[in-house]
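Asks:
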Amino acid sequence: MKRLTVVLLLIASSAFGQSKVNVTRQTQWVDSVYNKLSVEERIGQLFMVAAYSNKNEAHVQSLEKLVQEQHIGGLIFFQGGPVRQANMTNRLQALSSVPMLVGIDGEWGLNMRLDDTYRFPFNMTLGAVQDLDLIERVGVAMALQTKRLGMQFNFGPVLDININPKNPIIGVRSFGETREIVTERASAFTKGYQSQNIFATGKHFPGHGDTSTDSHHKLPVIDFDKGRLNRVELYPYKKLFEEGLSSVMIAHLNLPAYEPNDIPTSLSYNIVTKLLKEELGFEGLIFTDALNMKAAANYLKPGEVDLAAFKAGNDLLLFSEDVPTALTKILESYNVGDITEERLSHSVKKVLAYKYKSGLTKFTPIEVNKLVEDLNAPVYDDLNQKLYQEAMTVAKNEDRLLPLKNLEKQKIAYMRLGDDSGADFLNMLRNYAEVTELTDVKPDSLGDLSQYSSVIIGYHKVDNPWRKHDMSDTEKAMVRNLSAKTNTVLVSFAKPYALETVPLDKVNALVVGYQNNKFAQEAAAQVIFGAIEGKGKLPVSINKNFTVGTGIHTKAIDRLGFSTAANEGMDPNVLSKIDAIAQRAIDKRYTPGIQVLVARHGKVVYQKSFGYHTYDKKTTVQNTDIYDLASLTKILGTLPVLVKMYDEHKVRMDSKLGQLVPAMKHTDKEDITFRDLLTHQSGLTAWIPFYKRTLADNNRPDPSLYSYFYTPEYPTQVSENLYIKKGYTDEMLKQIGESTLSTKKDYKYSDLGFIMMKEFIESKYHKPLDQVADSEYFSKIGAWRMTYNPLRKFDINVIPPTEEDNYYRYTTVQGYVHDMGAAMQGGVSGHAGLFGSALDVAKMMQLYLNKGEYGGDRFFSVNTFDAFNECVYCTKGSRRGVGFDKPQKPGSAGPTCGCASMSSFGHTGFTGTMAWADPEKDLVYVFLSNRTYPDSNVNNLSKGNTREDIQQVIYESIKN
79 MKRLTVVLLL
89 IASSAFGQSK
99 VNVTRQTQWV
109 DSVYNKLSVE
119 ERIGQLFMVA
129 AYSNKNEAHV
139 QSLEKLVQEQ
149 HIGGLIFFQG
159 GPVRQANMTN
169 RLQALSSVPM
179 LVGIDGEWGL
189 NMRLDDTYRF
199 PFNMTLGAVQ
209 DLDLIERVGV
219 AMALQTKRLG
229 MQFNFGPVLD
239 ININPKNPII
249 GVRSFGETRE
259 IVTERASAFT
269 KGYQSQNIFA
279 TGKHFPGHGD
289 TSTDSHHKLP
299 VIDFDKGRLN
309 RVELYPYKKL
319 FEEGLSSVMI
329 AHLNLPAYEP
339 NDIPTSLSYN
349 IVTKLLKEEL
359 GFEGLIFTDA
369 LNMKAAANYL
379 KPGEVDLAAF
389 KAGNDLLLFS
399 EDVPTALTKI
409 LESYNVGDIT
419 EERLSHSVKK
429 VLAYKYKSGL
439 TKFTPIEVNK
449 LVEDLNAPVY
459 DDLNQKLYQE
469 AMTVAKNEDR
479 LLPLKNLEKQ
489 KIAYMRLGDD
499 SGADFLNMLR
509 NYAEVTELTD
519 VKPDSLGDLS
529 QYSSVIIGYH
539 KVDNPWRKHD
549 MSDTEKAMVR
559 NLSAKTNTVL
569 VSFAKPYALE
579 TVPLDKVNAL
589 VVGYQNNKFA
599 QEAAAQVIFG
609 AIEGKGKLPV
619 SINKNFTVGT
629 GIHTKAIDRL
639 GFSTAANEGM
649 DPNVLSKIDA
659 IAQRAIDKRY
669 TPGIQVLVAR
679 HGKVVYQKSF
689 GYHTYDKKTT
699 VQNTDIYDLA
709 SLTKILGTLP
719 VLVKMYDEHK
729 VRMDSKLGQL
739 VPAMKHTDKE
749 DITFRDLLTH
759 QSGLTAWIPF
769 YKRTLADNNR
779 PDPSLYSYFY
789 TPEYPTQVSE
799 NLYIKKGYTD
809 EMLKQIGEST
819 LSTKKDYKYS
829 DLGFIMMKEF
839 IESKYHKPLD
849 QVADSEYFSK
859 IGAWRMTYNP
869 LRKFDINVIP
879 PTEEDNYYRY
889 TTVQGYVHDM
899 GAAMQGGVSG
909 HAGLFGSALD
919 VAKMMQLYLN
929 KGEYGGDRFF
939 SVNTFDAFNE
949 CVYCTKGSRR
959 GVGFDKPQKP
969 GSAGPTCGCA
979 SMSSFGHTGF
989 TGTMAWADPE
999 KDLVYVFLSN
1009 RTYPDSNVNN
1019 LSKGNTREDI
1029 QQVIYESIKN
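Position in the sequence shown counted from 1, then plus 78, gives you my numbering.
1. Counting beta carbon pairs with one atom in the stretch 135 to 149 and one in the stretch 198 to 206, are three or more of them shorter than 8 Å?
2. Report, in whole angstroms, the separation of the C-beta atoms of arginine 870 and aspartate 918, which I expect to be a contact under 8 Å.
3. If we ignore side chains and look at the alpha-carbon of each, how far apart do valine 260 and isoleucine 241 end up?
4. Would you grab the beta carbon distance between tyrosine 347 and glycine 391 for me? Rounded to a whole angstrom, and I think it's under 8 Å.
5. Taking only the alpha-carbon atoms, compute the straight-line gap between phenylalanine 946 and glycine 736 and give it to the nearest angstrom.
6. Below 8 Å between beta carbons: does that hold for methionine 922 and proline 740?
7. Considering just the uninterrupted stretch of the beta strand (DSSP E) at valine 446, what are its terminal residues?
8. Just the C-alpha distance for glutamate 486 and tyrosine 926, rounded to the nearest angstrom, thanks.
9. Less than 8 Å between the C-beta atoms of aspartate 649 and lysine 1037, yes or no?
10. Could you name the residues of the same chain whose beta carbon sits closer than 7 Å to that of alanine 663, not counting the 5 residues immediately before and after it, in chain order?
11. Does threonine 669 come out as helix, strand or coil in the three-state DSSP assignment?
12. Can you grab the Cα-Cα spacing for the pair leucine 88 / glutamine 1030, in whole Å?
13. DSSP three-state call for lysine 655: helix, strand or coil?
14. According to DSSP, which residues form a beta bridge with phenylalanine 913?
15. For proline 1012, which residues of its own chain have a beta-carbon under 7 Å away from its beta-carbon, when the five flanking residues on both sides are left out?
16. So, is serine 290 buried or exposed, given that buried needs 16 or more other C-beta atoms within 10 angstroms?
17. Please report the distance separating the alpha-carbon of glycine 930 from that of serine 981.
18. One question on the structure: do methionine 327 and histidine 294 come within less than 8 Å of each other, judged by their Cβ atoms?
19. Measuring CB to CB, does glycine 990 end up less than 8 Å from valine 626?
20. Can you check DSSP and say which residues form a bridge with tyrosine 792?
21. With a Cβ-Cβ cutoff of 8 Å, do serine 1035 and valine 457 count as a contact?
22. Return the Cβ separation of glycine 608 and glycine 934 in integer angstroms, given the expectation that the two are a contact with Cβ distance under 8 Å.
23. Let me confirm a value: isoleucine 1028 is counted as buried when at least 16 other C-beta atoms fall within 10 Å, else exposed. Which label applies?
24. Can you tell me where the beta strand (DSSP E) holding isoleucine 490 begins and where it ends?
25. If I follow the unbroken alpha helix (DSSP H) through leucine 385, where does it start and stop?
26. I need the straight-line Cα distance from tyrosine 932 to lysine 296, nearest angstrom please.
27. Could you check what DSSP says for asparagine 799 in three-state terms: helix, strand or coil?
28. Hey, how far is the Cα of leucine 707 from the Cα of glycine 689?
29. Can you round the beta-carbon distance between threonine 794 and glycine 972 to whole angstroms, since I take them to be within the 8 Å contact cut?
30. Which residue comes first and which comes last in the alpha helix (DSSP H) that contains histidine 137?
31. Going by DSSP in three states, arginine 678 sits in which element: helix, strand or coil?
32. Can you name, in chain order, every residue of its own chain whose Cβ lies under 7 Å from the Cβ of aspartate 452, other than the five neighbours on each side?
33. Taking the straight line between their C-alpha atoms, what separation do you get for glutamate 611 and asparagine 454?
34. Can you tell me the Cβ-Cβ gap for histidine 547 and glycine 500, rounded? I've got them flagged as a contact below 8 Å.
35. Measuring alpha carbon to alpha carbon, tell me which residue in Phe155, Leu170, Gly437 is nearest arginine 103.
36. If you compare alpha carbons, which of Gln467, Ser841, Val540 is closest to glycine 614?
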């Protein structure tokens, strides 16, 4: 009994941080329960039987019988669902005189067995992760889910070292092929798991990694000497025993070095007692692996195999095929003295001690309300996203191809191989560049690939650890032939072993993504474009060229990435209030549709679309739709070019308008400075309704100035089937020159300055503004959906209309700029004309937030940006920066919620748009809508404070 007391003391405390218990009270409870049990009831405590929540009532009743008649000690759950399992557990526990231990085989989370539950990465994916703190967090998360479902055990971590790539049953269930990879991660996982007072179980002792036989079907032989076994297979166990591992599961193996009689390890006294308990000194709970597995079941009959397992030294007999027979066999052996009281009490009291430590002195029913919601809480997505991003492994990177740079010179294609979807991968790739999907391509008829600078091959296999992931011969030929013709990036969303025979010699870059799911696909795409670093390392060898530990660290290059709100220090529950505000605006008909994007720390944390293109509700708004940005054009199209010109000393803050725009010479505008023009401090009138002078007496376009079709004399398209006379922009400049200029140089917002800046830019670059903005910015940063005159690149169905025009163009304005003055300039003006998605806008705003740097390129200096973001005339009552709008002063009206910092900057637009960035909070906010449809006259969006209310929520969501 002295030895048992020592064991119970060890159970009461753990180096892995499990909560300590009062040893005296534990011993008293264990002894009192043990003494009340009959011998048969004591033996019943040794059985942990299989339970399925997806089976019928007869199955449940058979379990009830085992609980009531055999007094079993525990349940191990297999397939089913969480609510069904909880109800079943509650029902069975209510019948048990001593609450039962409950466990599950959920190595990558409960989803390994249960529907409607969460799936974490496979262990081999975690083997690529170098941040062990994240592995510890996985342990914590899985323990919380285990506890929420009323269980005390999740049978993991797997301590098998998968040295044999042909292993049919372990494979990706292992952390890797070296003892260090496995031990470090198993230790971190166990630390997290047991910190929540849930018991971890190391398996499959003494090591199932170096075999090509599945013990579910026959007995694998691990034919190594004791020296090798101690150096390799037993190494993780010895380390985790020192750290307080709670329990061990014994595999069904043939281990000749320790058991010369061909007895399965789970039934071997030499293995369980002599090796595990005596030589290695393990004092925790010992489980058999499932006794229905053929490696054990073929050795002895049901009942006999249970007896042998108990006599070998196991404490809990898992998945007994015949509990009544097994109990009788053990009782008979006990009655004849073959099993001593000391031996029986040793295991039963150990089982009871674990029950006490886990709080099972009295069973508390599992609360099923919100169970599924709790088991799939968003916090697990936060963790999963980090895990997959950390796991992405760049195994090859010739000429530093990754991350892809110089996007303006790239033409990229994507090809899907494999039998599963790559949609999330392609969608994320297209968040960075225009990517063409290649379909119906054969290895011997690839077609002309010379137009593509890079082809990205995604190899997508169903995310299942039991399926073969090997490439077909046709797929290998595709990789070989493609990589011989063009730069090729191969991304494998499959087991690493799947790449063993793939021709990788001419592939320029290889990214191992491990699994085919949304997290992995989105992470891999971000690595390719440098939104995140490539940090992972191969946990196993692929072949002699790509050995364990391979992993090229690729850097992030300040491209906008994707994250979760919580991972960027924001409260997702608060941020989700945006949904209701946006939906309210839709319901109240402030606008037919909305796009909202929020980014923090250079990561998009919220991107949603609401409503429809029009009130007929035929076309829903998508994140990829392209909106008329209205006056956001000023800071997204025109201002960036001006900032660059200033940085290159092509213009100064005190440059005079007459010098910049010759048409303003000899007018009262010629001495307006560049600074005053962009801060709206120049005295210019707010706007000029240029179009009105071009209408005939019937308020229709004057036939002398317009044509309904293109001719050389009427070359400039205003809208569908409407063209204006050549050179009319000169007339517009003349009207600006003749317009009234206020003698008071107070703040007055005006479009006219930016209209004139278009002329200045085009005179210096000798090409149109839209081409300048695209070549200098949009194409370089991958804002490929941002453009003027979008119908030249995109289908009209992705562009929400802005108005039913009954005063000038007399048509539905869709795909053509809403602003009449910009329309008269062919859709390209300095103040309006730009279209784009919220993501495109966010990229430009992030470039500003980075003070001129994006995608590895520097567009202008930090000092230059600071000069333009300065509130030049704050002392005179004007909030404006040079080109940028700035927050209103306290107590006054303005564009923001009043919560943005004074260093923040942005702009709003007439069509119901807003873009705002805050350096102090490292924050970007974009709001796009077509509130002008069908009639722009009433601005209910502004009256309803929709944009400002959403911005308020964003700031309220920031936690740190």
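Just so it is clear, CB atoms sit at the ideal spot from N, CA and C, and this is done for glycine as well.
Replies: In this structure, then:
1. Fewer than three beta-carbon pairs drawn from the stretch 198 to 206 and the stretch 135 to 149 are found closer than 8 Å, and the two stretches are therefore not classed as touching.
2. With a Cβ gap of about 16 Å, arginine 870 and aspartate 918 do not count as contacting.
3. 11 Å
4. 6 Å
5. 21 Å
6. no
7. That residue, valine 446, is in no beta strand (DSSP E); it is neither H nor E in DSSP.
8. When rounded, the distance between both Cα atoms is 19 Å.
9. yes
10. Close CB contacts of alanine 663 within its chain, under the 7 Å cut and outside five residues either way in sequence, are with Thr669, Ile672, Leu1019, Gly1022, Thr1024 (chain order).
11. Coil.
12. Any reading at leucine 88 must be qualified, since the residue scores a pLDDT of 48, below 50, and its modelled position is unreliable; the value itself is stated next. Distance from the CA atom of leucine 88 to the CA atom of glutamine 1030, rounded to whole angstroms, is 54 Å.
13. Helix at lysine 655.
14. Asp706, Thr865
15. If we look at proline 1012 and ignore the five residues flanking it on each side, its Cβ neighbours are Glu881, Glu882.
16. exposed
17. 16 Å
18. Contact flag unset, no.
19. no
20. For tyrosine 792, which the question treats as bridged, DSSP gives the partners Thr789.
21. no
22. 7 Å
23. Classification of isoleucine 1028: buried, given that the 10 Å Cβ count is 16 or more.
24. 490 to 496
25. 382 to 390
26. 58 Å
27. coil
28. Roughly 18 Å separates the two Cα atoms.
29. Actually they do not touch by this definition, with Cβ atoms about 36 Å apart.
30. 135 to 143
31. The three-state reading of DSSP puts arginine 678 in strand, counting E and B together.
32. Arg226
33. 28 Å
34. The C-beta distance from histidine 547 to glycine 500 rounds to 15 Å, too long to fall under 8 Å, and the pair is not in contact.
35. Among Phe155, Leu170, Gly437, the Cα nearest to that of arginine 103 belongs to Gly437.
36. That would be Gln467, whose Cα lies nearest to the Cα of glycine 614.
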